[in-house]
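Protein sequences, first through last, are from chains A and B.
Start counting the first sequence at 617; every next residue gets the next number (the working numbering).
Start counting the second sequence at -15; every next residue gets the next number (the working numbering).
Each residue gets a CB set at the ideal place from its N, CA and C atoms; glycine is no exception.
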Amino acid sequence: MDDKIPQVTPRPSATFDEYTMSEIRRAASTGIYDIRGAGAKRALPHFDDLLFLGASISRYPLEGYRERCGTEVTLGDRYAKKPLHLKIPITIAGMSFGSLSGQAKEALGRGANLAGTSTTTGDGGMTPEERGHSKLLVYQYLPSRYGMNPDDLRKADAIEIVIGQGAKPGGGGMLLGQKINDRVASMRSLPKGIDQRSACRHPDWTGPDDLEIKILELREITNWEKPIFVKIGGSRPYYDTALAVKSGADVIVLDGMQGGTAATQNVFIEHVGQPTLACIRPAVKALQELDMHRKVQIIVSGGIRNGADVAKAMALGADAVSIGSAALIAMGDNDPIYEEEYRKLGTTAGSYDAWHLGKDPAGITTQDPELASRLDPEKAGRRLANYLKVMTLEAQTIARACGKNHVHNLEPEDLVALTVEAAAMAQVPLAGTSWVPGQGY
Amino acid sequence: MNSLDLSTLGLRAINEKLQFLDPGTNEREWTITNPMGQHAIACGLKSPISVTVDGHAGFYCAGMNQEAEVTVNGHAGVGVAENMMSGIVRIKGNASQAAGATAHGGLLVIEGDASSRCGISMKGIDIVVGGSVGHMSGFMAQLGHMVICGDAGEALGDSIYEAKLYVAGSVESLGADCIEKEMTAEHLNTLAGLLEKSGINKDPALFRRYGSARTLYNFDIDQADAY
């Protein structure tokens, strides 16, 4: 090598970056695709790309400490005799006993009760503890029908028919054998220790015409009391929302690709579905065209983190939001206090996503009795309630600043976008302009 | 015998009547007339009553049944006795797709043929089919028994777990991880009991037994081609 020739700086490939190369090496070594929990990790257009236009001369705000700003929401008053009445527009998303420890499920119930909102079961049925600790419990009706029975159906406060979820629209579930202990196996009518596969399609209906009949059956079995939610993954939100309404849903749950899962293929999480931000307006448009906006409620989930996200989802037309990953973080998931143990698992606090393996140091995504005992359900429930309270206060703060006396009164006119992409997806003007991409041509 | 005319009373009134009978009532035998293929007839029943549907039923007849004995004097649509927990459902004619889907218990007797995906994801129910079943029957079947007196269509028992399948006729093909298994005296005894209970006259000696090879129970990349 000639020392006189200047050496260029070693240049890593933007295409074959460090993560990409590590994944190629992992795949070559194992022959198995990467399975993990959580939602999409890649950078996506999101609520951070939107800003609110606070009131000034052309609009006037509400006094933050004096004037009321409502947050209550009623879900399911289209057909159900007993709709859900929530104090805040933030619900807890479906997460199963099995993927989560019993303590974690109890904490979710305790936190939701304190905040005046609902929790949701998951794939695997309803446990008596979960029902006991949740004043308002939504019972998921999934393709696997693990643990499904009419007694629990009647005990539920609402029924959520799961068509898909944002992390894997079109895909089924997976719970590896490590988490199938005696109780989980018994609830799912499966042998202990096997990998449990959840089907991607419902076993006894296909398409919207059948779904309408399925909803009829569920209403007949539950005396037309329970609100029927239909949960869809964010892939074709306009058509799926319209078809769910046609099928008789009371409530639509719309989950974007940042929404978490207990376990599925990484390639599925990162490459199938649409960002939450891109899903809301088409779904709301479908409701508006059918004259069903605010009559059939829409709950948005997938990457909701703070009160600003809540307010932005409301402004785009949502009636409520739902949180899963954020609730787990509030309870202690990925907390740096467990950094030493995360490192032993080959990861670091903030990046831990091997939820399917059941070795969660925080005791949340596990069935290991020793690990699960680390989570105090009362303390974790209080943390969740605090977090929900903060989110609600934040959303109210923004709504008042925009002059709204209820978070539902926020509207797209209150928003601008920081990027062309976000402006196109949210159908609000690019900041500093009156330009909404796709409009005015 | 009490009679309920579906064409005049409507579905809601009839289901509500049958679901909320006084536990001490002596009125335990009911007939639903003029069903006209309507859906969700006699679903969600939860007491030991006897209900006869006098005609054809649509989707989800006797869905999620508990304790009741439901007889359909005709054919049944998709998902008859889906997610049944207990009791007996008898179809005098044929049944459409997904008969007994995900059901946890009880006995489903189909005296005629059943269409595709009979017993899909069954979780403990016993199903006896007097005729033949369509393709993908017993798909992901977890627990319980399915007795097929006629033939089985392609991919029988695909991805089956611990359910036991008995077929007297031919099997067009077996699904992933489903294999023929030894018929022991214990299995023959179980089979004979199910045939007797269902009132279907067929010699148990004619049947062959199928179940899981259990090679797909834990993910193995070398088994990926099985799907």
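Do residue j and residue i count as a contact pair if the criterion is CB distance below 9 Å?
i        : j        : result
S717(A)  : G738(A)  : no
I775(A)  : P843(A)  : yes
P819(A)  : P759(A)  : yes
G141(B)  : S121(B)  : yes
L1004(A) : G727(A)  : yes
P705(A)  : A934(A)  : yes
A654(A)  : L991(A)  : no
D768(A)  : R799(A)  : no
I885(A)  : K771(A)  : no
K975(A)  : D984(A)  : yes
R652(A)  : D969(A)  : yes
N882(A)  : V1006(A) : no
L1031(A) : A1042(A) : yes
E156(B)  : D135(B)  : yes
A147(B)  : M130(B)  : yes
Can you pull the chain B neighbours of residue i, defined as C-beta to C-beta under 9 Å?
i       : result
M803(A) : The premise fails here: M803(A) is roughly 11 Å from chain B at the closest Cβ pair, so nothing lies under 9 Å.
Hey, quick one: how far does the alpha helix (DSSP H) through residue i stretch, first residue to last?
i        : result
L792(A)  : That residue, L792(A), is in no alpha helix (DSSP H); it is neither H nor E in DSSP.
I885(A)  : N882 to H887
I837(A)  : G823 to I837
S717(A)  : It is not in any alpha helix (DSSP H) - S717(A) carries neither H nor E in the DSSP assignment.
G1090(A) : The structure shown does not extend to residue 1090(A), since chain A is modelled only from 617 to 1057, so the question has no answer here.
K862(A)  : P853 to K862
M1041(A) : V1036 to A1042
T598(A)  : Nothing can be reported for residue 598(A): it is not among the residues displayed for chain A, which extend from 617 to 1057.
Would you say residue i reaches chain B, if we count a Cβ-Cβ gap shorter than 9 Å as a contact?
i       : result
G793(A) : yes
W840(A) : yes
I648(A) : yes
I914(A) : no
P819(A) : yes
D949(A) : no
E836(A) : yes
L832(A) : yes
I829(A) : yes
D976(A) : no
D866(A) : no
D773(A) : no
Check the Cβ of residue i against every Cβ in chain A and list those closer than 7 Å, keeping chain order.
i       : result
N202(B) : G793, I810 and D811
H171(B) : Going along chain A, no residue has its Cβ under 7 Å from H171(B), so there is no contact; the nearest lies around 19 Å.
H40(B)  : Those within 7 Å of H40(B) in chain A number zero; the least Cβ separation is about 15 Å.
A82(B)  : P819 and D820
Return the first residue and the last residue of the beta strand (DSSP E) that residue i is part of.
i         : result
C162(B)   : C162 to K165
N(-14)(B) : N(-14) to D(-11)
S557(A)   : Only positions 617 to 1057 of chain A appear in the structure, and residue 557(A) is not among them; the question remains open.
G849(A)   : I844 to G849
A(-3)(B)  : No beta strand (DSSP E) contains A(-3)(B), which is instead part of the alpha helix (DSSP H) from L(-5) to Q3.
G195(B)   : R192 to S196
K697(A)   : Where K697(A) is concerned, there is no enclosing beta strand (DSSP E), given that its DSSP letter is neither H nor E.
T17(B)    : E13 to T17
S34(B)    : S34 to D38
S814(A)   : Q812 to S814
A1033(A)  : L1031 to A1033
F663(A)   : From DSSP, F663(A) is part of no beta strand (DSSP E); its letter is neither H nor E.
Compare the C-beta of residue i with all C-beta atoms of chain A and state if any pair is closer than 9 Å.
i        : result
N(-1)(B) : yes
L127(B)  : yes
T86(B)   : yes
Y194(B)  : no
Y150(B)  : no
C27(B)   : yes
H59(B)   : no
V62(B)   : yes
H119(B)  : no
K165(B)  : no
Output, in chain order, the set of chain A residues within a Cβ distance shorter than 9 Å of residue i.
i        : result
M69(B)   : N765, P766 and D767
L(-5)(B) : L832 and E836
M130(B)  : Simply none; closest approach about 14 Å.
Using the beta-carbon of each residue, which ones in chain B are nearer than 8 Å to residue i?
i       : result
P807(A) : Y145, E146 and Y201
A815(A) : S105 and M124
I796(A) : Going along chain B, no residue has its Cβ under 8 Å from I796(A), so there is no contact; the nearest lies around 10 Å.
Does the distance between the C-beta of residue i and the nearest non-hydrogen atom of the ligand MN fall short of 8 Å?
i       : result
S989(A) : Inclusion of the ligand MN in the displayed structure is not the case, the ligand content being empty and no account of it being possible.
Residues of chain B with CB closer than 7 Å to the CB of residue i, please, in chain order.
i       : result
L758(A) : Under the 7 Å cutoff, chain B gives no residues; its nearest Cβ is about 10 Å from L758(A).
R761(A) : N67, T86 and S105
Checklist entry - Considering only residues of the segment 140 to 191 of chain B, which uninterrupted alpha helix (DSSP H) runs meet the minimum length of 4 residues and lie entirely inside it, listed in chain order? => result 169 to 182
Next on the checklist: Please give me, in chain order, every unbroken run of the alpha helix (DSSP H) with length at least 4 that falls completely inside the segment 714 to 796 of chain A.
Outcome noted: 718 to 731, 744 to 749 and 766 to 771
Item to check | Every unbroken alpha helix (DSSP H) inside the segment 906 to 984 of chain A [4 residues or more] | outcome: 923 to 931, 941 to 947 and 955 to 960
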